[in-house]
Structure formats: structure tokens, C-alpha cells
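Protein chains in written order, with our numbering: chain A, 6 to 208; chain B, 6 to 208.
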DNA sequence: GTCTATAACTCGATAGAC
DNA sequence: GTCTATCGAGTTATAGAC
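If you want it as C-alpha cells, here you go:
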């Protein structure tokens with residue numbers, strides 16, 4: 006559980022971090038190995054010592070995202086809010102902030118890869134799915150905690166999946182339009198839905 | 006209004022159609038000009054006679070999508086159903102069918118491009134946005150037609166944008182997981198939302 | 001408008017010394 | 001584990017005859 010894979014070298018870590026950033030900013034295919042090497046100040050021999058191929062580097066990036074999901078995305082939101090519903094919206098607000106910080110240019114890195122990578126990359130698709138599943142599990146914790154305020158028989162897993170759907174769809178439109186409005190709209194309609202669920206749960 | 010741009014040649018049409026299909030199946034960047042030429046049985050001189058660059062070809066593809074949106078996506082759904090709400094879900098059911106037909110490998114071509122193309126392609130982004138806007142407008146017609154059954158003050162534009170959000174987010178997850186379930190879940194939760202809106206509109 | 005040939009370059013990946 | 005040099009293939013795009 007504690008030992009991850011290998012004693013990591015700083016070179017390897019730098020490669021993964023630079024690749025992560027470039028794949029996010031420009032996409033996987035448009036990012037060349039040469040650019041990664043340049044910005045990481047690493048030579049090609051070192052990269053191919055750690056990663057047999059570019060796809061293996063992407064796999065490492067996705068593994069890192071999976072490791073960082075809790076500490077970077079979920080935990081800060083959960084620490085800011087204690088109410089389970091507000092925790093969900095705090096997570097969504099994190100994406101709003103990151104959209105803004107990137108000037109509406111960068112969305113969810115996992116969602117980007119989910120659509121950029123055609124299905125000839127099974128390990129990539131598996132890791133994208135694992136990232137989604139971990140995200141949904143975190144939200145599902147909140148929905149579970151809300152259970153007695155929601156209508157009887159509400160399917161927490163389905164609702165959590167829906168929250169991910171709304172986040173990803175909203176981020177996509179915000180990027181496409183170059184404005185935050187579609188994302189904020191999506192979040193606000195989602196909140197309206199939750200309010201109606203809660204109102205029904207009371208009655 | 007009727008004359009589009011130019012008297013079109015069959016070669017040009019074949020190039021656009023093959024490019025459209027390949028960009029959808031494999032993505033824009035992984036698709037090489039050589040592959041397009043091969044499958045369209047066209048030589049490079051002809052391609053560059055019509056399109057100064059690969060990006061211009063993509064622009065033509067996106068213009069074609071915009072032209073085909075009504076006849077291929079919206080009209081068939083609207084013809085199948087007359088109730089405005091059912092029309093919305095008939096459009097969504099079209100995406101479900103196309104997901105299935107592609108074996109969960111191909112989602113929404115516009116959504117794919119929205120996330121694959123970084124923002125260094127202004128014409129592409131504009132056309133992606135135009136496609137989204139046309140899609141939302143079609144759905145908004147339905148929401149407008151529902152107005153008197155919805156709670157007072159419901160923002161039809163916001164609801165239509167939310168429907169697109171849910172479609173795109175659902176398609177993304179379906180592709181990522183390789184199963185229709187996340188999409189069907191998204192649509193069914195969206196229906197639950199509409200039912201609650203309608204119930205509130207009655208009261 | 002279509003043809004062939006190819007320029008000019010970048011790509012991912014490798015070899016082999018250190 | 002890191003270095004330099006480079007391979008071979010594939011890339012977008014062009015030249016120029018027909």
C-alpha cells in the first residue's frame with residue numbers, strides 16, 4: 006500500500022511533471038518528445054532509460070494524476086466545506102478556478118485525454134477510467150452522506166456519475182466558447198437539481 | 006441563402022467526407038494527409054488545390070457538420086416525436102444509437118475536437134462553438150415550447166446549454182469506460198430533473 | 001484540376017561511448 | 001544513469017508537367 010513502484014529519480018520526476026504540463030496545455034499528440042526533453046533539460050537517452058515509449062510516459066502521467074486526485078483536488082475542497090452537498094460544489098468550484106487560472110484554455114486533463122486518445126491505447130483508457138472512477142467515488146461519499154436528505158431510493162452512484170458528467174460537459178463548453186459562463190450555468194442548473202432533490206427528500 | 010460557397014467538385018466532396026470520417030475515428034492529429042489521400046483516392050496536388058493546409062480541410066469538415074446538424078441529427082429526432090420534451094430525448098437517443106453503432110469508440114465529433122484542439126486554431130474553435138450554438142438553439146426551441154409546463158422564470162437558454170453539457174459529459178464517460186451505462190445514466194438523471202421541473206410547473 | 005516526385009522537416013526511437 | 005549522434009519513417013506541403 007505504501008511503496009508505490011520504485012525508488013524515484015529526480016530526472017524521472019521532472020520528465021513526468023513536464024510531460025504532464027505539456028500534455029495538458031497542448032495535448033498528447035501535438036507535444037513532441039523533443040519539446041519535453043528541452044523543457045525538462047533531459048537528454049533523450051535518459052528519457053528512454055525510464056520510459057520505453059511516449060505512451061509509457063503518458064501512462065506515468067495518468068498514474069500521477071490518480072495519485073494527486075485526493076491531495077490536490079478532493080481534500081482541499083473537503084477541508085473548505087463540511088456539509089456534504091457543499092463539498093461537491095467546492096470540488097466543482099475548484100475546476101472553475103483552474104479554468105480561470107488558465108484563461109479558459111485548459112480544462113480537465115483527464116477529460117481531454119478521454120477524447121483525444123482513440124481506443125488503440127488500452128492502458129491509457131484504463132487509467133482514464135480509473136481516474137474517473139476515483140473522482141466519482143469521492144463525490145459518491147458526499148451523496149451517501151446526504152442519503153437521508155434525498156428522496157428515498159436515490160442511487161448515489163448514479164448521482165455521482167451525473168456530477169462528473171456535468172463537470173466534464175461544462176468544462177468542455179467553457180473551453181469551446183472561451184468563457185466561464187457555460188460552466189457556471191451547468192453548475193448552477195446542477196444545484197437547482199440538488200435543491201429539488203432535497204426539497205423532495207424533506208417532504 | 007441557397008448558394009453555399011462554390012460550385013463543389015466531387016473530388017473536394019470526397020476529401021471532406023473521408024477527412025470527416027477519419028478525424029472522427031482517429032482524431033485530427035493522428036490522421037495523416039497521406040491516409041486521407043489514400044482512402045479518398047486523391048493525389049496530394051488535388052488536395053492542396055482545394056485546401057491550402059490540413060487545418061483548412063478541418064474547417065471544411067466543421068462547416069459540413071454545421072450544415073448536416075439539422076438534417077442528420079435534429080430533424081430525424083423531431084420527426085419521430087412531437088412532444089417537445091420527447092424531442093429533446095429523441096435527440097439524445099440519437100447519440101446513444103451512434104455510440105452503440107461505433108462500438109462505443111466514437112463519440113460526438115464536435116466534442117472530440119473541442120478538447121483535442123488547443124486554442125491555437127481560432128477558426129476551428131469558432132466553428133466548434135458555432136456547432137454547439139446551433140445544437141443548443143435546436144434544443145432551446147423545445148424548451149421554449151415547454152415554457153408553460155415549466156416553473157415560471159425558467160431560463161430556456163440555460164436549460165438547453167445544460168442538456169448539451171449532459172450529452173457531452175455522458176458521451177465522454179461512455180467512451181472512457183467502453184460501456185453505454187454512463188451515458189444512459191446521465192440521460193436518465195436528466196429526465197428525472199425534467200420530471201421534477203414539470204411537476205413543479207404544474208403546482 | 002490532376003499527376004508524380006520530392007523538398008524540408010519533425011517524429012519517435014536507438015546505438016554505443018562514458 | 002547520462003551523453004551525443006543519428007536512424008528511418010512519417011509528416012505537411014510544394015514544384016512543375018500535363
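Even glycine gets a Cβ: it sits at the ideal position worked out from N, Cα and C. All values reported here derive from a predicted model rather than from experimental measurement.
- If you look at residue 190 of chain B, you'll find it in the alpha helix (DSSP H) that goes 186 to 207.
- Straight through space, the alpha carbons of residue 51 of chain A and residue 95 of chain B are spaced by roughly 53 Å.
- Distance from the Cα of residue 124 of chain B is smallest, within the candidate group A:171, A:127, A:112 and A:122, for A:112.
- DSSP places residue 122 of chain B in no alpha helix (DSSP H); its state is neither H nor E.
- Per DSSP, reduced to three states, the secondary structure at residue 159 of chain B is coil, with no helix or strand assignment.
- In the three-state scheme derived from DSSP, where H, G and I count as helix and E and B as strand, residue 47 of chain A is classed as coil.
- Straight through space, the alpha carbons of residue 22 of chain A and residue 151 of chain B are spaced by roughly 50 Å.
- Around the beta carbon of residue 108 of chain B, fewer than 16 other beta carbons lie within 10 angstroms, which makes this residue exposed.
- Pairing residue 127 of chain B with residue 34 of chain A gives a Cβ-Cβ distance that is not under 8 Å.
- Taking every protein chain shown into account, the CB of residue 180 of chain B has 16 or more other CB atoms within 10 angstroms, so this residue is buried.
- Taking 4 residues as the minimum length, the alpha helix (DSSP H) runs contained wholly in the region 79 to 107 of chain B are 80 to 85 and 89 to 106, in order along the chain.
- For the region 160 to 173 of chain B, the set of positions with a beta-carbon nearer than 9 Å to some beta-carbon of chain A reads 160, 162, 163, 164, 166, 167, 169, 170, 171, 172 and 173 in chain order.
- When C-alpha distances from residue 166 of chain B are compared across A:159, A:165, A:182 and A:156, the shortest belongs to A:182.
- Straight-line measurement puts the Cα of residue 155 of chain A at about 39 Å from the Cα of residue 25 of chain A.
- Around the CB of residue 136 of chain A, 16 or more other CB atoms lie within 10 Å, so the residue is classed as buried.
- Residue 204 of chain A and residue 144 of chain B have their C-alpha atoms some 27 Å from each other.
- The straight-line gap separating the alpha-carbon atoms of residue 15 of chain B and residue 196 of chain B is approximately 43 Å.
- Close to residue 110 of chain A, with beta-carbon spacing below 9 Å, are these residues of chain B in chain order: 123 and 124.
- For residue 175 of chain A, the secondary structure class from DSSP, reduced to helix, strand or coil, is helix.
- Taking C-beta atoms as the reference points, residue 174 of chain A and residue 138 of chain B fail to come closer than 8 Å.
- Around the beta carbon of residue 37 of chain B, fewer than 16 other beta carbons lie within 10 angstroms, which makes this residue exposed.
- Distance from residue 40 of chain A to residue 27 of chain A at the Cβ level is roughly 6 Å; contact confirmed, criterion being Cβ atoms closer than 8 Å.
- When B:168, B:158, B:193 and B:59 are compared, the shortest CA-CA separation from residue 206 of chain B is found for B:158.
- For residue 31 of chain B, the closest of B:163, B:110 and B:191 by C-alpha to C-alpha distance is B:110.
- Following the DSSP letters along the chain, one finds residue 36 of chain A in no alpha helix (DSSP H), marked with neither H nor E.
- Shown here, residue 26 of chain A sits in a helix according to DSSP, grouped into three states.
- Looking from the CA of residue 184 of chain B, the closest CA among B:103, B:134 and B:199 belongs to B:103.
- For the pair residue 60 of chain B and residue 129 of chain B, the CB atoms are nearer than the 8 Å cut-off.
- Burial is judged here by how many other beta carbons sit within 10 angstroms of a residue's own beta carbon; residue 82 of chain A has at least 16 and is buried.
- No Cβ-Cβ contact shorter than 8 Å links residue 106 of chain B with residue 120 of chain A.
- Boundaries of the alpha helix (DSSP H) harbouring residue 61 of chain B: 59 to 73, taken from the DSSP string.
- Classified as exposed, residue 77 of chain A has fewer than 16 neighbouring CB atoms from the shown chains inside 10 Å of its CB.
- Exclusion of the five residues before and after residue 79 of chain B leaves 96 and 143 as the residues of its chain whose Cβ lies within less than 7 Å of its Cβ.
- In this structure, residue 161 of chain A lies away from residue 190 of chain B, with their beta-carbon atoms at least 8 Å apart.
- If you compare the alpha carbons of A:72, A:91, A:48 and A:71 with that of residue 199 of chain A, the shortest gap goes to A:91.
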